[in-house]
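A.B. asks: To start, I am sharing the structure in question, which I have written as C-alpha cells.
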Amino acid sequence: MLRRRSLIPGLLAAPALITTALAQPRQGPPHEWMFGSWTGGIFPAVDTEGPGCFGNVALIVMRDLIMRVSSLDYAYRQRGIESVAVTPDGLEFRLIPVPGRPLPEIGFGCEGNPNLLRVTRRGPDEVLLPGCVEFPGALRRCKTV
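Structure representation (C-alpha cells):
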C-alpha cells in the first residue's frame, strides 16, 4: 500500500521562514549613510533644508560615484568609487585611479594620494574631510522640507 505524504508540515514551516527572512536587517554598502547631497565644506553650511540647500550642493555621494563642486568650473567633478572601508570615526574611500597624469583638481585637495578620501563623521548629518584644503569646513546633509 502506498502512503501519501502530507504537505501540511512544509506549509506550516513556510511562514516561519518568511518571518525570519523579513526580520533580518538589509545589508547595504558601508557608505549608505552618506548617500545624498551635502552643502558646506568651502563656505559654512547655513541653509540645510529645501531649495536653498540643494542650490548650494558641494558634494553628492551615490553608490558608485562621488561628485564634487569645483571652484574653477560650473560642472561637478566625478570620481568613481573603487572600494569603501569603515574606520573608527567614519569612512575611507578608494577612488578609481584616473589614467594618465591627472589634473590637481581631480582630487579633493587632500594630503597625499588623490585617489583616497577620508571622511570623519561628526553626527548623523555632518561630516568633515580632514586634510582636504578644498573642503576646510564641515559638510552638512541637505534635507527636503
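For any residue, its number in the working numbering is found by taking its place in the sequence shown, counting from 1, and adding 1. All C-beta atoms, glycine included, are put in the ideal place defined by N, C-alpha and C. Model, not experiment: these values are computed from the prediction.
1) Starting from the Cα of residue 33, find the closest Cα among 65, 133, 110, 44 and give me that residue.
2) Considering Cα atoms alone, identify which of 126, 42, 67 is closest to residue 77.
3) What's the call for residue 145, buried or exposed, on a 16-neighbour Cβ count within 10 Å?
4) Please report the straight-line C-alpha distance between residue 114 and residue 97, rounded to a whole angstrom.
5) Below 6 Å CB to CB, which residues in the same chain sit around residue 133 once its five sequence neighbours on both sides are set aside?
6) The beta strand (DSSP E) with residue 55 in it runs from where to where?
7) Out of 102, 47, 87, state which residue places its alpha-carbon closest to the alpha-carbon of residue 121.
8) Strictly by DSSP, which residues pair up with residue 38?
9) Could you pull out every residue in the same chain whose Cβ sits closer than 6 Å to the Cβ of residue 51, ignoring the five residues on either side in sequence?
10) Can you tell me whether residue 41 is buried or exposed? The criterion is at least 16 other CB atoms within 10 Å of its CB, across all chains shown.
C.D. replies: Here's the rundown:
1) 65
2) 67
3) exposed
4) In this structure, the straight-line span from the alpha carbon of residue 114 to that of residue 97 is close to 12 Å.
5) 109, 110, 111
6) That residue, residue 55, is in no beta strand (DSSP E); its alpha helix (DSSP H) goes 52–55.
7) 87
8) 61
9) 146
10) buried
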